[in-house]
Amino acid sequence: MQDINTEGPDEQDDELYEHYSFTAGKGQEPLRVDKFLMNFIEKATRNKIQQAAKNGNIQVNGVVVKQNYKVKADDVVRVLFEHPPYEFLLTPEDIPLDIVYEDDTLLVVNKPAGMVVHPGHGNYSGTLINALIYHFENLPENSSGRPGLVHRIDKDTSGLLVVAKTEAAMTHLAKQFFDKTSEREYIAIVWGNVEAESGTIEGHIGRHPKNRMQNTVYEDGDQGKEAVTHYAVLERLGYVTKISCRLETGRTHQIRVHMKYIGHTLFNDERYGGDAILKGTTFTKYKQFVDNCFKILPRQALHAKTLGFEHPKTGEWMRFDSELPEDMVACIEKWRSYAKHAME
Numbered sequence: 001m002q003d004i005n006t007e008g009p010d011e012q013d014d015e016l017y018e019h020y021s022f023t024a025g026k027g028q029e030p031l032r033v034d035k036f037l038m039n040f041i042e043k044a045t046r047n048k049i050q051q052a053a054k055n056g057n058i059q060v061n062g063v064v065v066k067q068n069y070k071v072k073a074d075d076v077v078r079v080l081f082e083h084p085p086y087e088f089l090l091t092p093e094d095i096p097l098d099i100v101y102e103d104d105t106l107l108v109v110n111k112p113a114g115m116v117v118h119p120g121h122g123n124y125s126g127t128l129i130n131a132l133i134y135h136f137e138n139l140p141e142n143s144s145g146r147p148g149l150v151h152r153i154d155k156d157t158s159g160l161l162v163v164a165k166t167e168a169a170m171t172h173l174a175k176q177f178f179d180k181t182s183e184r185e186y187i188a189i190v191w192g193n194v195e196a197e198s199g200t201i202e203g204h205i206g207r208h209p210k211n212r213m214q215n216t217v218y219e220d221g222d223q224g225k226e227a228v229t230h231y232a233v234l235e236r237l238g239y240v241t242k243i244s245c246r247l248e249t250g251r252t253h254q255i256r257v258h259m260k261y262i263g264h265t266l267f268n269d270e271r272y273g274g275d276a277i278l279k280g281t282t283f284t285k286y287k288q289f290v291d292n293c294f295k296i297l298p299r300q301a302l303h304a305k306t307l308g309f310e311h312p313k314t315g316e317w318m319r320f321d322s323e324l325p326e327d328m329v330a331c332i333e334k335w336r337s338y339a340k341h342a343m344e
C-alpha cells in the first residue's frame, strides 16, 4: 500500500517544485520507476515520465534517478519541476455562485453537480475556487494552500459548503470539522432495499490497493483513517432506497465507500460500480427504465442537504438546509411511480 501526498502546498527544492511524492509500500517488489509512477499519476503517459527522468526531475530518496531505476520497499519517489503545480496557479473566473448566506466572516454556497471544488490534474479552470477568488479578495488559505476552503464535496455531488473569509474563521471552522461538532446530512439514493431502518457504518477508509481511483474499507483498522457514517431510511422505492446519511467524520468518498461496503452502492455511481443494474429484474423493459433513470440523473445520487456549525464570531449555532436538485427529484419520482405500479 502506498501513501500518496498531492494535497500539500508546493515545496521548493533547489528551485524545483514538488508535484508528487509517493512512498513505496513494505511489500513493493522491485519495479522500474517509470512503471511505478504510471500506476499512480492520473493521465500520465510513459513518454512524459521518461522525459521527466531524462531531465532530472525524478528523485528517489533525495537522489536523481534514471527511468530504469528499480523502486524498492520504503523508497520515497518524488517528481519535481521548475514551475509550481498547476492547481496552485489560480486564475479568477467570473462564474456565478449560488450563495445561501454571507457575512463578513463566512459564506455558505450551494454547489451544483458537475463543478469541481478546487483545481487539480485535468481540472484547472471552472472550479469553485476559480469562482471564489474572482468574487472575493484576500480569502485565507487552508493547510493545502486553497483559498477559503474548509471542507469539500465531490465534483458530481451537489450541495452545501461553508467558505471562510478570515483566518480566524478558517481556524475555528476547521476545528469544528476536526472535533466532529459540525452537522452534515446528505441525501442519497442507493441500490437495494436497505433492511434496517437506521444504522451506523464504522470502517477505516483508505486508498484501494489495486484501483488508485477508489477508496475502500479496511476492517482491521491497521490501514486508512477512522470513518463513521450514520444512515436512516427515508423511503423504500422497490429496488432502490432513499436514505439520509449523517457524517461523523469526513473522509474522501466516505458515503460512497461505506454504502458500497454494506452492499448498497450509490445509484449511478460510476466510480464504484453503481452505473450498472445491481438490483432488479432481467426484463428488457426494466433495463430501459433504469437507463432512463441514469439519463435523468447522470451522476451519483448524492446531495449535501444540511450543514450546521457554530458561527466563529458570534458563537451562534447556524443550520442551513437546501432543496434536492431537480435531477434527483425527477429520479426519485420515477422510482416511486415504478415501485407503486410494480406492487399493484
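Take the sequence shown: its position 13, counting from 1, is numbered 13 in UniProt numbering, and each next residue is one higher.
The beta-carbon is built from N, C-alpha and C at its ideal position, and this holds for glycine as well.
{"Query": "Alpha carbon of Val190 to alpha carbon of Leu128, nearest angstrom", "Result": "27 Å"}
{"Query": "Selection from Leu266, Lys313, Phe320, Met318 that minimises the alpha carbon distance to Leu297", "Result": "Leu266"}
{"Query": "Strand pairing of Met318, partner residues [DSSP]", "Result": "Phe309"}
{"Query": "Ile133 to Val108 span [Cα, whole Å]", "Result": "15 Å"}
{"Query": "Contact belief for Ile201 with His258 at Cβ below 8 Å, rounded distance in angstroms", "Result": "4 Å"}
{"Query": "Meets three-Cβ-pair contact criterion under 8 Å: the region 61-70 and the region 32-42", "Result": "yes"}
{"Query": "Bridge partners - Thr216, DSSP secondary structure assignment", "Result": "Gly206"}
{"Query": "Cβ-based burial, Glu185 [other Cβ within 10 Å; buried from 16]", "Result": "buried"}
{"Query": "Chain-order list of residues whose beta-carbon lies under 6 Å from that of Glu235 (same chain, five-residue window excluded)", "Result": "Lys242"}
{"Query": "Environment of Met213 [buried if 16+ CB atoms lie within 10 Å]", "Result": "exposed"}
{"Query": "Straight-line Cα distance separating Leu139 from Cys331", "Result": "37 Å"}
{"Query": "The region 219-234 touching the region 282-301, judged by at least three CB pairs closer than 8 Å", "Result": "no"}
{"Query": "Cβ-based burial, His341 [other Cβ within 10 Å; buried from 16]", "Result": "exposed"}
{"Query": "Host beta strand (DSSP E) of Val233 (start-end)", "Result": "228-237"}
{"Query": "Whole-angstrom distance between Thr105 and Glu183, CA atom to CA atom", "Result": "19 Å"}
{"Query": "Range of the contiguous alpha helix (DSSP H) that encloses Glu167", "Result": "167-178"}
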